[in-house]
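Chemist: If you scroll down you'll find the structure; I have some questions about it.
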Amino acid sequence: MQPLKPEELEKIKKDYPQAAPEDVERYQELLSKRFTVDPDRPSPQAAPLRDLAKLGKPGAPEDIETELQELHQRIFRKTAKPR
Amino acid sequence: MAEIVVRRAGAAKQYPFTICTAANPALETPWNSGVFVQDPIFTAKNSFLAATQYIEDCLFGSIAGIKEQLLSDPAIGPNVRVISIWDPASAVNSANALVAQDGVSNLLIPRRTQIQAYVSSYSVGGQAITADVIYAVSASGSHNRASTWFTSDDDNRPGVPFTLDAAAQTHRFFSDIPGTIAVHSSVSDVTPLHEFQHAISSYTNGSIVDLYVDSGLAVNCKVGRPIPSSFCVYNGSTFLSDPTRDTLGYPPSWKSYHCALIDSRYPAVMDDYYKASTGNPLDCQNDEITRQFVLDRIRAKFSR
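If you're matching them up, the sequences are chains A and B in order. This note's numbering puts the first residue of the first sequence at 1, with every later residue one more than the last. This note's numbering puts the first residue of the second sequence at 84, with every later residue one more than the last.
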């Protein structure tokens, strides 16, 4: 997965000032981890999934997608501008 | 009419190691929605041709100033076949949607089974194209970030055995599904090389992962603290760890660590190449295990 360009990261910080840096880091981590699971044969990938579970991280693709949705909403939500 | 161009002939054999680029006829938007629209790439042939040229130049180390010369070795390069597919007559439907737009990011996502079927529906010299790595090139107006699925090896067919630490594995000759990449037509920097190294790696025989996040166990990534001096033992040779992650440093919260770099002044190609201290991603080279492992996978496929 292509890393975020510096200007893209700056734009996120500027446009979504409420986005917590740890949320953005976790969001990138999960986007990347999505591709480490064979989408057609998730079971042969059991070893890496177990490794993720050991680290207290999601152990199944659906867990990754659920958390990604939550992070996406949290990072990219529009806040009301002060009048 | 489809234009199938053999840009590099590769080895004269039935199954030469093959890299393919294909213009993406349709986009699924968003990913897994079942909604398909035309990809703008067919209104921009020059951008497809430029992207194909850039991908090839990046892999073969012929971009001015690029340091990583992965496929430029005279024992490697001439054996690699490169093909491009441009077929503006392809209908807009699920079968021809090689790329999806992610619903939670600006990632382009390869639809790998569709990519494999699409490419193999074309022939060169009367033989259906069998590719090892395929780039689907999109001109999406909203999504521009590349992503990749690793290769799903055919573990029922032979290969070249290797050992990684205590594990015996195999660089397989053939795949069930090749490595697939979705990339934007504006692709630049070392992105084609970064994605290629994901794509050539394997779900069952060693994966190459991103090093700019706290990744899990893989060929190029280990987990644990303190960082040991030895990163791994591959085919009997010891590879050292990178104790400092070049100039970037490991964030205190991370548990992962990486292999020693070929040039420790710059991030690895699989790390955040945009953070090279010179500001030039082309300065980045691989870490030692990534280069060795990727070249060994390619050499194994040469021998099929």
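Note that beta-carbon positions come from the ideal geometry of N, C-alpha and C, so glycine has one too.
Within its chain, find whatever has a CB closer than 6 Å to the CB of A85/B; leave out the 5 residues flanking it on each side and keep chain order.
Modeler: Hits under 6 Å: D170.
Chemist: Show which residues of chain A have a CB atom less than 8 Å away from the CB atom of V292/B.
Modeler: Simply S32, T36.
Chemist: Can you confirm whether the segment 149-166 of chain B touches the segment 98-111 of chain B when touching is taken to mean that 3 or more C-beta pairs between the two stretches lie within less than 8 Å?
Modeler: Flag = yes, the segment 98-111 of chain B and the segment 149-166 of chain B touch.
Chemist: Three-state secondary structure (DSSP) at C367/B?
Modeler: It is coil, neither helix nor strand.
Chemist: Would you tell me roughly how many angstroms separate the C-alpha atoms of N129/B and S269/B, rounded to the nearest one?
Modeler: Each residue's alpha carbon lies about 11 Å from the other.
Chemist: Do we get a CB-CB distance below 8 Å when we pair V187/B with the residues of chain A?
Modeler: Chain A contact via Cβ: present.
Chemist: So which residues of chain B does R41/A contact, with C-beta pairs closer than 8 Å?
Modeler: Neighbours of R41/A on chain B, chain order: S235, Y286.
Chemist: In whole angstroms, give me the CA-to-CA distance for Q121/B and A109/B.
Modeler: Going from the Cα of Q121/B to the Cα of A109/B covers about 5 Å.
Chemist: By DSSP's criteria, Y218/B is part of a beta bridge. Which residues make up the other side?
Modeler: According to DSSP, Y218/B bridges with T104/B, I264/B.
Chemist: Using a Cβ cut-off of 7 Å, pull out every chain A residue sitting near D355/B, in sequence order please.
Modeler: Here the neighbours are P3.
Chemist: Taking the straight line between their C-alpha atoms, what separation do you get for Q152/B and Q18/A?
Modeler: Cα to Cα, Q152/B sits roughly 42 Å from Q18/A.
Chemist: From what residue to what residue does the alpha helix (DSSP H) around S32/A run?
Modeler: Where S32/A is concerned, the enclosing alpha helix (DSSP H) stretches over 21-34.
Chemist: Hey, quick one: how far does the alpha helix (DSSP H) through E151/B stretch, first residue to last?
Modeler: Premise fails: E151/B is in no alpha helix (DSSP H) and is neither H nor E.
Chemist: Since R195/B is in the alpha helix (DSSP H), which residue starts that stretch and which ends it?
Modeler: Unbroken alpha helix (DSSP H) run through R195/B: 195-203.
Chemist: Ignoring anything shorter than 3 residues or poking outside the segment 259-311 of chain B, list the beta strand (DSSP E) runs there in chain order.
Modeler: Within the segment 259-311 of chain B, the complete beta strand (DSSP E) runs of at least 3 residues are 262-267.
Chemist: With a cut-off of 8 Å, do at least 3 Cβ pairs link the segment 191-206 of chain B to the segment 301-316 of chain B?
Modeler: No, the segment 191-206 of chain B does not touch the segment 301-316 of chain B.
Chemist: For K338/B and L378/B, I'd like the C-alpha separation in whole angstroms.
Modeler: If you take the alpha carbons of K338/B and L378/B, they lie about 28 Å apart.
Chemist: Is the shortest distance between the beta-carbon of S230/B and the beta-carbons of chain A less than 8 Å?
Modeler: At least one chain A Cβ lies under 8 Å of S230/B.
Chemist: Are the Cβ atoms of V273/B and V352/B separated by less than 8 Å?
Modeler: Yes. Within cutoff.
Chemist: Does the beta carbon of E10/A sit closer than 8 Å to a beta carbon anywhere in chain B?
Modeler: No, because no Cβ of chain B sits closer than 8 Å to the Cβ of E10/A.
Chemist: Nearest to I124/B by alpha carbon, out of A265/B, D370/B, G307/B?
Modeler: Comparing Cα positions, the closest option is A265/B.
Chemist: Whose Cβ in chain A lies nearer than 8 Å to the Cβ of I260/B?
Modeler: In chain order: D40.
Chemist: Suppose the cutoff is 7 Å on Cβ atoms and the five residues either side in sequence are ignored; what does the same chain contact list for A383/B look like?
Modeler: Around A383/B: G242, V243, H254, F256.
Chemist: Any chance the segment 65-73 of chain A sits against the segment 215-228 of chain B, with 3 or more Cβ pairs inside 8 Å?
Modeler: Verdict: no, contact absent.
Chemist: For G242/B, which residues does DSSP report across the bridge?
Modeler: G242/B pairs with R255/B.
Chemist: First and last residue of the beta strand (DSSP E) that includes R90/B?
Modeler: Unbroken beta strand (DSSP E) run through R90/B: 86-92.
Chemist: Checking contacts by CB at 8 Å: is T274/B closer than that to chain A?
Modeler: With 8 Å as the cut-off, T274/B counts as an interface residue toward chain A.
Chemist: Does P3/A pass the burial test, meaning 16 or more other C-beta atoms within 10 Å, or should it be called exposed?
Modeler: So P3/A ends up on the buried side.
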